[in-house]
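Please read the structure below before turning to the comments.
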Amino acid sequence: MSIIKKKYGEFQGEEVYAFTLSNNNLQAEIISFGGIITRLIYKDVDVVLGRNSLQEYENNKGYLGALIGRNSNRIESAEFHLNCKNYKLFANNGRNNLHGGKVGFDKKVWDAEMLDGEEPSLTLRLTSPDGEEGFPGEVKVKVTYTLTKDNAIKIHYQGESDQDTVFNMTNHSYFNLNGHSSGTVDGHTLWVDSEFYTPNTDECIPTGEISSVKGTPFDFSTDANLGERFASDFGQIRMFGGFDHNFAISGSGYRLAAKLRGDKTGIVMEMYTDQKGVQIYTANALAEGTIGKDSAIYGRHHAVCLETQAFPNNLKYSHFPSAVLKKGEKYDTTTTYKFQ
């Protein structure tokens, strides 16, 4: 049980630090730039993709390991309507807004506070001013990473706004349980506690439908081989070259939502959350030949992202769970990734 701090670099005159948390068989390195998980090592296997330096993370295409905010995923046409007012956002994904805009939380230097002990933790804080990236309200944000006694990394997201706003955070780690440099996750198996998913338009934005997974490659009610699913002729798979979809998680409250298994290491990762949705993304757009940390070569389908969140583009559809954070209310949600 320990936590170590060291300087990682500088960004626009601000010092950036790396924090290494260790507990039992699990070790995590997190940097104060973007709250990025740069390494996550379980029993000597680094299970997250990453980059080599702060300079590479400054241009972190694909958001490897980063905290996402104010809003995770896409907002159609880069605008939304709230309280009889229209808010225009930055269009950084074609005509749409993605992961908070041009300068989201992934590109911020966060204030950091360490707490060592039986379960070492790192608390990151920032204040997002009113109007930042077009979003209303000043939001005070707090994210705490904790390594638990049972080999898990727990992420506790908190926020409070002085105006009604949109607020919907996640973490964008790319998991490969065979090791970050081991190639594709075709041999991984995945289980998801979900009976429904939201089909996408060709811009990867939900159409508004909530469709049953039964009889489709989106049915992960029993452990399913990812490579076999990638090979499916199902339209939503072919459109994106894999999965980049929101799944409605069954049940409510904090519960087991998904389980991923590496075929070569046998490592199992369980994901627990109190969120209603999870975006499952299988690194379809990760360019072949991408140079990662430790000289690893990354490419398409080399990882799985399990991004817990409110449903994407939810302000357009009243039947989707809303990501509106009311003035004075507290945003409070937890997601845990547990290894065995």
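Note that our numbering has the sequence shown beginning at 1, numbered continuously upward.
For every residue, glycine included, the Cβ atom is placed at its ideal position computed from N, Cα and C.
Only a predicted model underlies this, so the values are computations on that prediction, with no experimental measurement involved.
Straight-line measurement puts the Cα of residue 83 at about 42 Å from the Cα of residue 302. Note: residue 239 is not bridge-paired with any residue in the DSSP secondary-structure output. Between residue 195 and residue 243, the alpha-carbon positions lie close to 16 Å from each other. Remark: three or more beta-carbon pairs, one from each stretch, lie closer than 8 Å, so the segment 186–203 and the segment 214–223 are flagged as touching. Secondary structure note for residue 230: it is in no beta strand (DSSP E), and the uninterrupted alpha helix (DSSP H) holding it is 226–230. Shown here, residue 27 sits in a strand according to DSSP, grouped into three states.
Excluding its 5 nearest sequence neighbours in each direction, residue 33 has C-beta neighbours in its own chain below 7 Å: 11, 16, 54, 57 and 109, listed in chain order. Distance from the CA of residue 63 to the CA of residue 182, rounded to the nearest whole angstrom, comes to 20 Å. Annotation for residue 78: 89, 91, 96 and 97 place their beta carbon closer than 6 Å to its own, counting only its chain and skipping 5 residues before and after.
With contact defined as three or more Cβ pairs closer than 8 Å, the segment 222–238 and the segment 147–163 are not in contact. The alpha-carbon separation between residue 236 and residue 26 amounts to approximately 36 Å. For residue 55, the enclosing alpha helix (DSSP H) covers residues 54–58.
Within the DSSP secondary-structure output, residue 114 pairs in a beta bridge with 122. Distance from residue 172 to residue 65 at the Cβ level is roughly 7 Å; contact confirmed, criterion being Cβ atoms closer than 8 Å.
Residue 256 is bridged by DSSP to 272.
The Cβ atoms of residue 166 and residue 324 sit closer than 8 Å to each other. The C-beta distance from residue 143 to residue 35 rounds to 6 Å, short enough to meet the 8 Å contact threshold.
Beta-bridge analysis with DSSP links residue 166 to 324. For residue 260 against residue 188, the beta-carbon gap comes to about 6 Å, under 8 Å, which counts as contact.
Contact between the segment 270–290 and the segment 246–254 is present, with at least three C-beta pairs closer than 8 Å. In its chain, beyond the 5 residues on either side, 216 and 217 have a beta carbon closer than 7 Å to the beta carbon of residue 234. Residue 179 carries a coil assignment under DSSP once its states are collapsed to helix, strand and coil. Across the structure, residue 240 and residue 284 are spaced so that their CA atoms are roughly 7 Å apart.
Your pair residue 178 and residue 262 checks out as a contact, with CB atoms roughly 4 Å apart and the cut at 8 Å. Note on residue 180: 16 or more other CB atoms within 10 angstroms of its CB, so buried under the neighbour-count rule. Shortest Cα-Cα distance from residue 336 to any of 248, 232, 257 and 50 involves 257.
DSSP places residue 286 outside both helix and strand once states are collapsed to three, so it counts as coil. Straight across, the Cα-Cα distance linking residue 317 with residue 202 is about 18 Å. Rounded to whole angstroms, the separation of the alpha carbons of residue 327 and residue 127 is 15 Å. In the DSSP assignment, the residues bridged to residue 280 are 245 and 306. Residue 68 and residue 170 do touch by the CB rule: their CB atoms are close to 5 Å apart, below 8 Å.
Taking residue 248 as the centre and dropping the five residues before and after it, the same chain places the C-beta of 194, 195, 196, 197, 198, 210, 276, 277 and 311 closer than 8 Å to its C-beta, in chain order.
Note that the C-beta distance between residue 51 and residue 60 is below 8 Å.
Within the same chain, 261 and 340 come within 6 Å of residue 268 by CB-CB distance, once the 5 residues on both sides are set aside. Excluding sequence positions up to five before and after residue 21, its CB lies within less than 6 Å of the CB of 3, 28, 120 and 147, all in the same chain and listed in chain order. Straight across, the Cα-Cα distance linking residue 14 with residue 315 is about 35 Å.
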